[in-house]
Amino acid sequence: RGLAMLIGRLAAAGSRVRSRRTAVTVVATLLSWAGVTMNATSSKLLSAAEASAIDEELFQSFSVDSLMELAGLSVAAAIADAYPKSSHMRPLVVCGPGNNGGDGLVAARHLWHFGYRPSIVYPKRPQTPLFVNLARQVEDLGIPLLHEMPNQMDEQHDVIVDAVFGFSFKAGGLRAPFDAIIPRMKSSKLPLVSVDVPSGWDVNDGPAGDGADLEPDVLISLTGPKLCAAKFTGSRHYLGGRFVPPSILAKYGFAQPAFPGTEQVVRLS
51 RGLAMLIGRL
61 AAAGSRVRSR
71 RTAVTVVATL
81 LSWAGVTMNA
91 TSSKLLSAAE
101 ASAIDEELFQ
111 SFSVDSLMEL
121 AGLSVAAAIA
131 DAYPKSSHMR
141 PLVVCGPGNN
151 GGDGLVAARH
161 LWHFGYRPSI
171 VYPKRPQTPL
181 FVNLARQVED
191 LGIPLLHEMP
201 NQMDEQHDVI
211 VDAVFGFSFK
221 AGGLRAPFDA
231 IIPRMKSSKL
241 PLVSVDVPSG
251 WDVNDGPAGD
261 GADLEPDVLI
271 SLTGPKLCAA
281 KFTGSRHYLG
291 GRFVPPSILA
301 KYGFAQPAFP
311 GTEQVVRLS
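Start counting the sequence shown at 51; every next residue gets the next number (this note's numbering).
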């Protein structure tokens, strides 16, 4: 009887839908009511091409800064779960010049509001309004915004957050100032958290094997895990992205596991 009702709803909805995009949204939503997934699996890993296409679709209905805010909040929530402030009060968030770095700036701001006392290394600062405002927001909270890695890094901090390259890393050697920053991060004894794609990893193939790749203890995938996540050997893997509409999940054939309660992240392993 339940299936018959579902089919009836689909038929009625289909007769009223004129665009393919709206049809996908209606079907995906109705199937989610019934607990059915459209050819999707929560274990699917996204290729670089798929992840880029999903981002482009999200940008049609979300602004860059709103997506960055949601992603950064997810990152902060995962860090708070993995490393409570009672033992890891002083995160060092290392930010690159792109969107991965923007996620890191937002995460640091939320961590401050969670009661942590973060510091940020942000050596290359774009002068576009989005990134200028993100930097001003953390400075207004009194969060230290550093141009280089601190000399007493392991003594002054409790965990390192890698928000350097992520999805934007291109193989071929590190350029200044990151040719000095990445080795410092690799040599540290502190636990390491990477945002979406560990810096120095190819999105599809994983570690480049040239000494520039980090080995995080915690990985926070955003929207969906990328193919490189299959090479992750750390202790905890989280998924953030409680903003992807059913139409996109259905179109690209992947699913997100249920987010508990009001949580912004779900632990995958």
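A virtual CB, placed ideally from N, CA and C, is assigned to each residue, including glycine.
Could you check which residue in the options has the C-alpha nearest to that of residue i?
{"i": "P227", "options": "H197, L240 and A103", "result": "H197"}
{"i": "K318", "options": "K276, R286, F293 and I104", "result": "According to the sequence displayed, residue 318 carries Leu and not Lys. Cα-wise, what sits closest to L318 is R286."}
{"i": "E107", "options": "A300, P310, V316 and V315", "result": "A300"}
{"i": "Y172", "options": "H163, A262, P200 and A121", "result": "P200"}
{"i": "I170", "options": "L264, D212 and G261", "result": "D212"}
{"i": "S102", "options": "A279, A308, G274 and P307", "result": "G274"}
{"i": "M235", "options": "H138, D204, L117 and I193", "result": "D204"}
Can you give me the start and stop residues for the alpha helix (DSSP H) that residue i sits inside?
{"i": "Y302", "result": "P296 to Y302"}
{"i": "V188", "result": "P179 to D190"}
{"i": "L123", "result": "V114 to A132"}
{"i": "R234", "result": "F228 to S237"}
Is it buried or exposed for residue i, if we count other Cβ within 10 angstroms and need 16 for buried?
{"i": "H160", "result": "buried"}
{"i": "V245", "result": "buried"}
{"i": "N89", "result": "Note on N89: pLDDT 37, under 50, position unreliable in the model; no value is reported."}
{"i": "F217", "result": "buried"}
{"i": "S128", "result": "In the sequence as displayed, the identity of residue 128 is Ala instead of Ser. Buried, by the Cβ-count rule."}
{"i": "N183", "result": "exposed"}
{"i": "G291", "result": "buried"}
{"i": "I231", "result": "buried"}
{"i": "L269", "result": "buried"}
{"i": "K239", "result": "exposed"}
{"i": "F215", "result": "buried"}
{"i": "S249", "result": "buried"}
Since residue i is in the beta strand (DSSP E), which residue starts that stretch and which ends it?
{"i": "G353", "result": "The displayed coordinates of the chain run from 51 to 319. Any statement about residue 353 would go beyond what the structure contains."}
{"i": "R286", "result": "R286 to G290"}
{"i": "P194", "result": "Careful: P194 lies outside any beta strand (DSSP E) and carries neither H nor E."}
{"i": "S249", "result": "Where S249 is concerned, there is no enclosing beta strand (DSSP E), given that its DSSP letter is neither H nor E."}
{"i": "D212", "result": "V209 to A213"}
{"i": "L142", "result": "P141 to C145"}
{"i": "S169", "result": "S169 to V171"}
Should residue i and residue j be called a contact, given that it needs their Cβ atoms to be closer than 9 Å?
{"i": "F181", "j": "G152", "result": "yes"}
{"i": "A185", "j": "L155", "result": "yes"}
{"i": "Q206", "j": "L142", "result": "yes"}
{"i": "P97", "j": "L272", "result": "Sequence check: residue 97 is Ser here, not Pro. No; because the gap between Cβ atoms is not below 9 Å, this pair is not in contact."}
{"i": "E265", "j": "L242", "result": "yes"}
{"i": "V188", "j": "R140", "result": "no"}
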